[in-house]
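A short write-up of the structure that comes next.
Residue numbers (my numbering): 424 to 839.
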């Protein structure tokens, strides 16, 4: 067995990319043979220095990739982030510190570039806290029992708007601008590059099992595109030849509540559709209450979703807006030495300043807890009750909540 020191962690070269991709597939329990179509499609995403591999001889036994991303802070400002994905360690090489070595190398590079955050979707909850990440958004899926929903199944009242089924070319043309409007109003939303639109409309098909969904576009009465939904429908019938079909949403973005209402009502009114699966939505999504009978939508899945790692405390806290006014001193503990220190935050609806200080702290917390609080979804009072933050001044947790919590919960619509 190779000793950890004999395993080389390095940036992957283009020539090593097929071996690296094989290891990615193996790590995610997929057949470790890379189909030619997948290799050809994914080569276009290769960026020198952003894919790391651990090599035992010529064999790649751990993988790691990052790419540039923008995350929407509370208030709509776009924050530069280091998005982490394709993290695997082959089962034969676990417990040798390979992930730690790759993570340290990538986060150091992100800090050097000037990224404010790092982000990831955690496949296993227990792994990433030790690297300073904290869960910052939650995803929820609803399953709608259409006959119980109480909707007029003749279709939505569009009040002058319209819904059209459109082609992938239309989606690639109209979707990016709609998504940009949506994400700027949604804390926790992330950027979608051209690759995302190609991948999700079939322009590139690394997965041979990919099937084209239906695309429904909502236009407001003035012609403005305000909503877009991608969905698929299975083909199931009961023994008595009664329809029992399920419509599953792959993606739904909307810039107005009217667009959301129209698209959900449209989907529930399609003939033969008895059940709708919403796909990942915000935990306080409007969906259940867009139905006359909200209990017809039951939560079928709920989980942590995007995790955040603060790399620059000052820029992260100054990037977001605040609904209240106040001053706090935070003692941020960071075992990696990237973002620790004592910071004084002065915030109001007009803006915020954050500076290093020697004043006594109001609250002491690990950088992972700061990440959990940053988008406004968690309560410092709750974290104090759990023993995850420490109040140095009585009532400090309530002061933190008054500044950081938001009226709507953050949401990341995307997997990456």
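Glycine included, each C-beta is placed from N, C-alpha and C at the ideal position.
Exposure of residue i, with buried meaning 16 or more beta-carbon neighbours within 10 Å
| i | result |
| --- | --- |
| residue 833 | buried |
| residue 730 | buried |
| residue 808 | exposed |
| residue 459 | exposed |
| residue 632 | exposed |
| residue 557 | buried |
| residue 735 | buried |
| residue 801 | buried |
| residue 683 | buried |
| residue 827 | buried |
| residue 711 | buried |
| residue 592 | exposed |
| residue 433 | exposed |
| residue 836 | buried |
| residue 588 | exposed |
| residue 743 | buried |
| residue 445 | buried |
| residue 463 | exposed |
| residue 842 | An answer regarding residue 842 cannot be provided, because it is not within the stretch 424 to 839 covered by the chain. |
| residue 702 | buried |
| residue 660 | exposed |
Run of the beta strand (DSSP E) containing residue i, from where it starts to where it stops
| i | result |
| --- | --- |
| residue 410 | What the structure shows of the chain is the stretch from 424 to 839, and residue 410 is not part of that stretch, so it cannot be assessed. |
| residue 483 | 482 to 495 |
| residue 669 | 668 to 677 |
| residue 606 | Counting along the chain, residue 606 falls outside any beta strand (DSSP E), though it belongs to the alpha helix (DSSP H) covering 591 to 607. |
| residue 448 | Unbroken run through residue 448 is the alpha helix (DSSP H), 440 to 450; no beta strand (DSSP E). |
| residue 478 | 474 to 479 |
| residue 784 | Counting along the chain, residue 784 falls outside any beta strand (DSSP E), and DSSP gives it neither H nor E. |
| residue 505 | 501 to 512 |
| residue 542 | 540 to 544 |
Rounded Cβ spacing between residue i and residue j (contact assumed at less than 8 Å)
| i | j | result |
| --- | --- | --- |
| residue 572 | residue 714 | 5 Å |
| residue 451 | residue 511 | 7 Å |
| residue 497 | residue 799 | 5 Å |
| residue 748 | residue 772 | 7 Å |
| residue 448 | residue 457 | 6 Å |
| residue 508 | residue 543 | 7 Å |
| residue 674 | residue 653 | 5 Å |
| residue 696 | residue 737 | Not a contact, Cβ separation roughly 50 Å. |
| residue 495 | residue 607 | 6 Å |
| residue 824 | residue 804 | 6 Å |
| residue 767 | residue 777 | 7 Å |
| residue 643 | residue 584 | 5 Å |
Residue range of the unbroken alpha helix (DSSP H) whose run includes residue i
| i | result |
| --- | --- |
| residue 659 | Per DSSP, residue 659 belongs to no alpha helix (DSSP H) and is neither H nor E. |
| residue 807 | 803 to 808 |
| residue 529 | 521 to 536 |
| residue 646 | Element bounds for residue 646: n/a, residue is neither H nor E. |
| residue 795 | 790 to 797 |
| residue 690 | 680 to 691 |
| residue 462 | 459 to 466 |
One or two residues paired with residue i in a DSSP bridge
| i | result |
| --- | --- |
| residue 739 | BP columns for residue 739 are empty, so no partner. |
| residue 704 | 563 |
| residue 823 | For residue 823, which the question treats as bridged, DSSP gives no partner whatsoever. |
| residue 844 | Outside the displayed span of the chain (424 to 839) sits residue 844, for which this structure offers no information. |
| residue 766 | 753, 779 |
| residue 655 | 671 |
| residue 579 | Paired residues: none, contrary to the question. |
| residue 698 | 568, 669 |
| residue 774 | 771 |
| residue 430 | Answer by DSSP bridge pairing: none, since residue 430 is not bridged. |
| residue 814 | 786 |
| residue 587 | 640 |
| residue 720 | 567 |
| residue 726 | 562 |
| residue 557 | 731 |
Could you tell me whether the stretch 686 to 699 touches the stretch 549 to 561, using the rule of 3 or more Cβ pairs below 8 Å?
Contact between the stretch 686 to 699 and the stretch 549 to 561 is absent, because fewer than three Cβ pairs lie under 8 Å.
Are three or more beta carbon pairs between the stretch 673 to 681 and the stretch 635 to 650 nearer than 8 Å?
Touching, per the Cβ criterion.
Three or more C-beta pairs under 8 Å: does that hold for the stretch 630 to 644 against the stretch 466 to 484?
Contact between the stretch 630 to 644 and the stretch 466 to 484 is not established, with fewer than three Cβ pairs separated by less than 8 Å.
Between the stretch 694 to 708 and the stretch 554 to 570, are three or more C-beta pairs nearer than 8 Å?
Judged by Cβ distances under 8 Å, the stretch 694 to 708 makes contact with the stretch 554 to 570, as three or more pairs qualify.
Does the stretch 780 to 794 come close enough to the stretch 745 to 757 that 3 or more CB-CB pairs lie under 8 Å?
Touching, yes, given that three or more Cβ pairs across the two stretches are closer than 8 Å.
Counting Cβ pairs, one atom from each stretch, are 3 or more of them under 8 Å apart for the stretch 590 to 608 and the stretch 718 to 735?
Contact fails: fewer than three Cβ-Cβ distances are below 8 Å.
Hey, is the stretch 499 to 518 in contact with the stretch 530 to 538, meaning 3+ C-beta pairs nearer than 8 Å?
Counting Cβ pairs under 8 Å, three or more are found: they touch.
Assess, as a yes-or-no matter, whether the stretch 481 to 493 is touched by the stretch 514 to 532 under the definition of 3 or more beta carbon pairs within less than 8 Å.
The stretch 514 to 532, when compared against the stretch 481 to 493, does touch it at the 8 Å Cβ threshold.
Whether or not the stretch 618 to 633 and the stretch 460 to 472 are in contact is what I'm after, with contact meaning three or more pairs of Cβ atoms, one per stretch, closer than 8 Å; do they touch?
Yes, they touch.
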